[in-house]
Amino acid sequence: MKTLALAALAGIGLFALTDASFAACTYSRNYEAEGGMSGWPARVANSADATLRAAYANGTCVYLKGQHNGGMAPAGTPSNQHVTVSNGVRVCHVFKKSSTNRNQYFPTTCL
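So for the sequence shown, my numbering puts the first residue at 2; every next one is plus one.
Take a look at the structure:
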């Protein structure tokens, strides 16, 4: 009986872990790694774009390209370094915040 109870608890624990893993983006089949994703998921989760934040929370956003340079950087960013991710409706570029940027969200442009 003790073994059965432990097995049941282990199953519940695995279910809970699986359920919590939905808050994230998936990777596109054509994902381009460039400089990778280290540190970027938290920035995407806290993007200035509300649709992208919701997509991250629902697990419906898609990473298209890892850290790379290019394009025009919006105000409040230290450089044009960003990641490219789809919010399910548009393609977005999420940037790092400059040291003087006090906004709670990370600068984001969506096309």
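Positions of the beta carbon are idealized from the N, C-alpha and C atoms, including for glycine.
Using the C-alpha atoms, what's the distance from residue j back to residue i?
i, j, result
"L112", "G40", "23 Å"
"T101", "G89", "31 Å"
"C93", "A49", "10 Å"
"N70", "N81", "5 Å"
"Q68", "K97", "10 Å"
"S99", "L53", "20 Å"
What is the residue span of the alpha helix (DSSP H) that residue i lies within?
i, result
"Y106", "That residue, Y106, is in no alpha helix (DSSP H); it is neither H nor E in DSSP."
"T85", "It is not in any alpha helix (DSSP H) - T85 instead sits in the beta strand (DSSP E) that spans 83-87."
"A58", "51-59"
Go to residue i, then tell me how far its beta strand (DSSP E) extends in each direction, as first and last residue.
i, result
"T27", "27-33"
"V63", "63-69"
"V92", "92-96"
By a C-beta neighbour count over all protein chains shown, 10 Å radius and 16 as the cutoff for buried, is residue i buried or exposed?
i, result
"Y28", "exposed"
"G72", "exposed"
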